[in-house]
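Protein chains in written order, with this note's numbering: chain V, 9 to 476; chain Z, 9 to 476.
Protein chains: 2
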Amino acid sequence: MSVAESHSEPPRADPAPAIAELQALLGERLSTAEAVREQHGKDVSYHEGFPPDAVAFAESTEEVAEIVKICARHKTPVIPFGTGTSLEGHIAALRGGISVDVSRMTAILEVNQEDLDCRVQAGVTRKGLNEYLRDSGLFFPIDPGADASLGGMAATRASGTNAVRYGTMRENVLGLTVVTADGRIVRTGGRARKSSAGYDLTRLFVGSEGTLGVITELQLRLYGIPEATSAAVCAFTDLEGAVNTVIATIQLGVPVARIELLDEVQMRACNLYSKLDFPEQPTLFFEFHGTEAGVQEQAETVGALAAEHGGANFQWATRQEDRSQLWQARHDAYWAAKALKPGSEGWATDVCVPISRLAECILATKKDILDSGLLAPIVGHVGDGNFHLVYLLDPDDPTQHDKAEEVNDRMIARALRMGGTCTGEHGIGYGKMQFLQAEHGEAVALMRQVKLSLDPDNIMNPGKMVRT
Amino acid sequence: MSVAESHSEPPRADPAPAIAELQALLGERLSTAEAVREQHGKDVSYHEGFPPDAVAFAESTEEVAEIVKICARHKTPVIPFGTGTSLEGHIAALRGGISVDVSRMTAILEVNQEDLDCRVQAGVTRKGLNEYLRDSGLFFPIDPGADASLGGMAATRASGTNAVRYGTMRENVLGLTVVTADGRIVRTGGRARKSSAGYDLTRLFVGSEGTLGVITELQLRLYGIPEATSAAVCAFTDLEGAVNTVIATIQLGVPVARIELLDEVQMRACNLYSKLDFPEQPTLFFEFHGTEAGVQEQAETVGALAAEHGGANFQWATRQEDRSQLWQARHDAYWAAKALKPGSEGWATDVCVPISRLAECILATKKDILDSGLLAPIVGHVGDGNFHLVYLLDPDDPTQHDKAEEVNDRMIARALRMGGTCTGEHGIGYGKMQFLQAEHGEAVALMRQVKLSLDPDNIMNPGKMVRT
């Protein structure tokens, strides 16, 4: 059974009545153009796209509420859309319906300098917010790679390279405005740094992937830009040495801002792509934030730990240009990987395990990759125990996809056996639903109860996360 | 209408059939002794106690599941009990039923040194855990004052003095084992540092105050004991100066472990109680964690900021004895306050506001206290914008209670107007339900939907948190 068949089983409501009402509400901001629909049904992953029946470009929370009310009346699915940069088919309109595009909702509603928080509409992107904050001395740290919308980042519980220091969207969303499945406008959380008032609805919506409601506004934590930043890079004779350096660093409480692992395949890719000459060995990239003295102390401590664990030539970069070159290479890892095998299709996936099992998990996975004859560089947010693969697949050779699926299934089963999770930051979408079940068992039944209590007609991004 | 009347309205199920079955299951570990029931229905707050019909002393997750299944079959309320140190009447059996006491579930199931996590049964207390960890170089930081059970701390989303650095239970619970209202055993979360797999059920149960299920096990984050710790104390000419020092400290990103504010009334109480001679002015207590050089740098930075804001005589204590004396005075604040007015009843309450509004909120509240003729010292976890009052009430003068209620209502309304919350860390219980409604409005309707989806017969700690 193909994905399309398995997901198009439930009867689809006729979208025409909802579309007619939405056209009356939105005029030209309701599009049924094929190109627009196609673009809104396919994310940047390898997952098959499913275009919605129409795309509604909303401009306010109130308008989103009106749109959802119309859809609810006609039991027409609603699929929230930010920038379309998700990775597990989150935006595919598996059962048709209306893509609610919030990318025009880009107002930054308030910045509270003294409280280190801000309020934004859901369509503001992380780069857009940081651009706006540039002269304030503040920044928003979460960086999943893509310039995603903050609403989408909350919906998918995004994180990225500096989660080891600043946390993920889970820790950095103080509150939300959400339009529920019946079109109510609800504010969750607040501006207080902590609260023990009521169920944590904010955290319930963070990571709910549009299946419980549409996020339209966010209250976010901000941070002061550190006085000093430095970076370092260090190659290791083996992967265990690199991972043990990270374990020791974290145990010592060194408040490292980023620790990224690139395997020797990825280092080769980066050298080729970015014309660099790093040793093609397992390598750690570090970034330190703090005072001048603080970052120096951090770098010295980590340098000593690296040396103890087979790290050679710990290079410390305090100059902005050197740091930029280093991190640009890391940021370009995906493109570098793809360039290793021109014409290939990239299938990105991730798992996250307790850090004590990380080296073992990566090495067993690398062995599987080697045995399968595939090429799949590895990069990892190693401070969190999270790593990514990109399978580089020949689109003309369908056996490669099957092999990747096999390696992937084994990797996820391995991660779960180690007490890990089937995805550290990519989410479930429709790509990892069977793994969610394997990971959470009976808890998935609870998730389904919560889903149905908040969306009894199952119109919010149906067919994702939990089977309904 | 008294609290008792308003909460005893719904028909109470006859507890006898459930008690008979529980007796068969538990033997002597099911108690109906009056003293035991009284003790289990009254927490340490001023709220009226309501004894349960019986107390079940559980020894395992499976046993809790059996107990809940029996109660579910007879629609008999279940009230989870840890140490009884909650502050908003959380454990009162408003509608009778069975208190499920997990205090004998004290196994520490695993400590993962490399991953900085552990798994414990819900009856382990925070001091018990730290005692166990003593020689491991690790510690669990959350310290709400009382030696509460970790299950209860999760259920009430506890925090305390060092939340400013280490977060609250929200940030430090990685996963839970929960017995649901129908007696299923569900594991939420996991050991991975982050995950984007499914709804965040862990965070849903953290802070749910026993109204969604019984927490029986917890996976918790641990931290390395810092290489160096130092403390400091500094008196300010006015409260604004103290608060502005804190704002500047946090904006600069100084990773301070604790910043506590004591007002001049509380300082007088501490001096009297602990035989100290601190200036009786608004005072900040600090604690710094880090490397030797790091804590020195932090203390110097904060000392300079304090001096800029009217702080005099910044005293820095690196010796363990001096630190202990300082923090003992802070820890004894409640008893010191009560000793200010011997024979008084203490009514503790808390709010939390954005830190930019903290000085204003405290000053307006102090004016209300003064105008009312009450005595109510203030202490604050000021790095989070959270502060506590203890109204010292004459039990023989009922007008004092009414006055305190009035001051309290005004304080909470003020905190909400400022974007704050009606409780930073004490919770809702049955003491603050009307304020939850004022704070969260429509979101409370969502909370109720979630509650009823997971507990349709409303047996889990009924009458608390949301009206059902």
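The beta carbon of each residue, even a glycine, is placed where N, CA and C say it ideally should be. Quick caveat, the model's predicted, so the values are computed rather than measured.
Beta bridge pairing from DSSP links Z/C242 with Z/L292. For Z/A320, the enclosing beta strand (DSSP E) has its first and last residue at 319 to 325.
In the assembly as shown, V/E46 is an exposed residue. Its beta-carbon has fewer than 16 other beta-carbons within 10 Å. For V/N469, same chain residues with a beta-carbon under 6 Å away, outside a window of 5 residues either side, are I87, G218, T219 in chain order. Annotation: Z/F293 to Z/A200 spans about 35 Å, alpha carbon to alpha carbon. For V/Q408, the closest C-alpha among the options V/H434, V/D379, V/R425, V/S144 is that of V/D379. Within the same chain, and ignoring the five residues on either side of V/N180 in sequence, the residues whose Cβ sits closer than 8 Å to its Cβ are F148, P149, I150, Y174, L228, R229. In this chain, the alpha helix (DSSP H) harbouring Z/D379 covers 366 to 380.
In this structure, Z/V172 places its C-beta atom within 8 Å of the C-beta atom of Z/R266.
Within 9 Å of the CB of Z/R112, no CB atom of chain V is found; the nearest one sits about 25 Å away. For Z/C430, the chain V residues whose Cβ falls inside 9 Å of its Cβ are S203, A205, in order along the chain. Taking a Cβ-Cβ threshold of 8 Å, the residues of chain V close to Z/A451 are V194, R195, T196, G206, L209, in chain order.
A buried status is given to Z/N394, since no fewer than 16 other beta-carbon atoms sit within 10 Å of its beta-carbon. Under the 8 Å criterion on CB atoms, Z/L460 is classed as interfacial with respect to chain V.
The alpha-carbon of Z/A73 is positioned some 19 Å away from that of Z/P60. Counting the other Cβ atoms within 10 Å of the Cβ of Z/S144 gives fewer than 16, which makes it exposed. Between V/Q259 and the set Z/G381, Z/Y231, Z/Q442, Z/F296, the nearest pair of CA atoms involves Z/Y231.
At a cut-off of 8 Å between C-beta atoms, V/S216 counts as an interface residue with respect to chain Z. Taking each of Z/T237, Z/L182, Z/I377 in turn and checking the Cα distance to Z/R327, the smallest one comes out for Z/T237. The shortest CA-to-CA distance from Z/C278 to any of Z/G432, Z/Y207, Z/A345, Z/R20 is the one to Z/A345.
In this structure, the alpha-carbon of Z/H297 lies about 18 Å from that of V/P234. For the stretch 56 to 139 of chain Z, the full-length alpha helix (DSSP H) segments reaching 4 residues or more read 69 to 81 along the chain. No Cβ of chain Z is located within less than 8 Å of the beta carbon of V/Y281. At a cut-off of 8 Å between beta-carbon atoms, Z/T91 makes no contact with chain V.
With a cutoff of 8 Å on beta-carbon distance, V/L158 and V/L226 are scored as near each other.
At a cut-off of 8 Å between C-beta atoms, Z/S238 does not count as an interface residue with respect to chain V. In the structure shown, the three-state DSSP call for Z/L141 is helix.
Counted as a single uninterrupted DSSP element, the alpha helix (DSSP H) harbouring V/E414 occupies residues 406 to 425. For the alpha helix (DSSP H) assignment, the uninterrupted runs of no fewer than 4 residues enclosed by the stretch 180 to 230 of chain Z are, from N- to C-terminal side, 209 to 213.
Contact with chain V is found for Z/H448, since one of that chain's Cβ atoms lies less than 8 Å from the residue's Cβ. Separation of Z/A347 and Z/A43 (C-alpha to C-alpha, rounded to the nearest whole angstrom) is 28 Å. In this structure, the CA atom of Z/E56 is about 21 Å from the CA atom of V/S204. Shortest Cα-Cα distance from V/E305 to any of V/R276, V/T257, V/L280, V/D358 involves V/T257. Under the three-pair Cβ rule at 8 Å, the stretch 316 to 336 of chain V does not count as touching the stretch 377 to 392 of chain V.
With its beta carbon at least 8 Å from every one in chain Z, V/E295 lies outside the interface.
Around the beta carbon of V/Q274, 16 or more other beta carbons sit within 10 angstroms, so the residue counts as buried.
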